[in-house]
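These notes are about the structure you will find just below.
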Amino acid sequence: MTAIHQRPVRGLTTLLVPLLTGGLVVLALGVYGRAHTPTGFAVGVAGFSAALPMKVWLTTGAFVLAFVQVVSALSMWGKLGIDIPAGVHRWSGRIAFLLTIPVAFHCLYALGLQYDVPRVLAHSLLGCFFYGVFTAKMLALPKRDAPGWTLPVLGGLAFTALVGLWLTSSFWFFTAIGFKV
395 MTAIHQRPVR
405 GLTTLLVPLL
415 TGGLVVLALG
425 VYGRAHTPTG
435 FAVGVAGFSA
445 ALPMKVWLTT
455 GAFVLAFVQV
465 VSALSMWGKL
475 GIDIPAGVHR
485 WSGRIAFLLT
495 IPVAFHCLYA
505 LGLQYDVPRV
515 LAHSLLGCFF
525 YGVFTAKMLA
535 LPKRDAPGWT
545 LPVLGGLAFT
555 ALVGLWLTSS
565 FWFFTAIGFK
575 V
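Using this note's numbering, you'd call the opening residue of the sequence shown number 395 and step up by one each time.
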């Protein structure tokens, strides 16, 4: 086999552990969410009137920061013609991820993975997928020999999952219930 045929295989092999680990995260969250008996009890709504508004607003914050992620990533890849510091990308991602933790905790602990309403099923599956693809992206970051498409694809999938989560939760809440804190 020539060197030209070995390089793509080596790069894809590099992604094996991040992708398998991300897949295991998706599976573990789904199994836990389905097997765990939901408590129905909201934990720590931190100044919000109830758990649902807390989840809606934290998800909205992560949703807004996801757009900062896309714009700053495009800047880092030289696609915008403007220079946004890499720190903006790193910190907007960190904060967005941190905003999702109490939401995911509440969803899994209090509600579990639900499948009786299509919107809620889509939301549950997107939540599991988001954490899996996020895990894969974080594990792929230090892989210098990974294919060049790795981070844009994984980042795009994380963005898409987060937009889907926002549409199936916050957008639904704002249109069906209104703007409540």
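By construction, the Cβ of each residue, glycine as well, lies at the ideal position given by its N, Cα and C atoms.
C-alpha distance - residue 463 paired with residue 418, whole-angstrom precision:
Indexing the sequence shown from 1 puts residue 463 at position 69. Indexing the sequence shown from 1 puts residue 418 at position 24. Those two C-alpha atoms are separated by around 25 Å.
Among 489, 507, 435, which one has its Cα closest to the Cα of residue 458?
Here residue 458 refers to the residue found at position 64 of the sequence shown. Measuring from the Cα of residue 458, the nearest candidate turns out to be 489.
By how many angstroms is the C-alpha of residue 449 removed from the C-alpha of residue 560?
As a working mapping, residue 560 is identified with position 166 in the sequence shown. As a working mapping, residue 449 is identified with position 55 in the sequence shown. Their Cα atoms are separated by approximately 10 Å.
How many angstroms separate the CA atom of residue 573 from the CA atom of residue 454?
By one-based count along the sequence shown, residue 573 stands at place 179. By one-based count along the sequence shown, residue 454 stands at place 60. Approximately 12 Å, taken between the alpha carbons.
Output yes or no for whether 8 Å exceeds the beta carbon distance between residue 424 and residue 504.
On the sequence shown, position 30 is the one that residue 424 refers to. On the sequence shown, position 110 is the one that residue 504 refers to. Contact flag unset, no.
Whole angstroms are fine: how far does the CA of residue 445 sit from the CA of residue 500?
For the purposes of this step, residue 500 is identified with residue 106 of the sequence shown, where counting begins at 1. For the purposes of this step, residue 445 is identified with residue 51 of the sequence shown, where counting begins at 1. If I take the Cα positions, the gap works out to 8 Å.
CA-to-CA distance, residue 451 to residue 442, given in whole angstroms:
Locating residue 442 in the sequence shown gives position 48, where the first residue counts as 1. Locating residue 451 in the sequence shown gives position 57, where the first residue counts as 1. Roughly 9 Å separates the two Cα atoms.
Where residue 475 falls, given that 16 or more other Cβ within 10 Å makes a residue buried:
Taking the first residue of the sequence shown as 1, we reach residue 475 at position 81. When all chains shown are included, residue 475 counts as exposed.
Under the assumption that residue 427 contacts residue 506 (Cβ atoms under 8 Å), give the Cβ distance between them as a whole number of angstroms.
For the purposes of this step, residue 427 is identified with residue 33 of the sequence shown, where counting begins at 1. For the purposes of this step, residue 506 is identified with residue 112 of the sequence shown, where counting begins at 1. That belief holds up - the Cβ atoms of residue 427 and residue 506 are roughly 5 Å apart, short of 8 Å.
Using DSSP with H/G/I as helix, E/B as strand and the rest coil, what is residue 421?
Along the sequence shown, one-based indexing puts residue 421 at 27. Of the three classes helix, strand and coil, the one that applies to residue 421 here is helix, per DSSP.
From which residue to which residue does the alpha helix (DSSP H) around residue 533 run?
For the purposes of this step, residue 533 is identified with residue 139 of the sequence shown, where counting begins at 1. Looking at the DSSP string, the run of the alpha helix (DSSP H) that includes residue 533 is 512-534.
Report back the beta-carbon spacing between residue 411 and residue 533 to the nearest angstrom; my notes put them in contact at under 8 Å.
On the sequence shown, residue 411 is found 17 positions in, with the first residue counted as 1. On the sequence shown, residue 533 is found 139 positions in, with the first residue counted as 1. Right, their Cβ atoms sit about 7 Å apart.
Give me, in chain order, the residues of the same chain whose beta-carbon lies closer than 7 Å to that of residue 397; leave out the 5 immediate sequence neighbours on both sides.
Position 3 of the sequence shown, counting from 1, holds the residue named residue 397. Confidence in residue 397 is poor, its pLDDT being 45 and thus under 50, which makes the residue's placement too unreliable to answer from.
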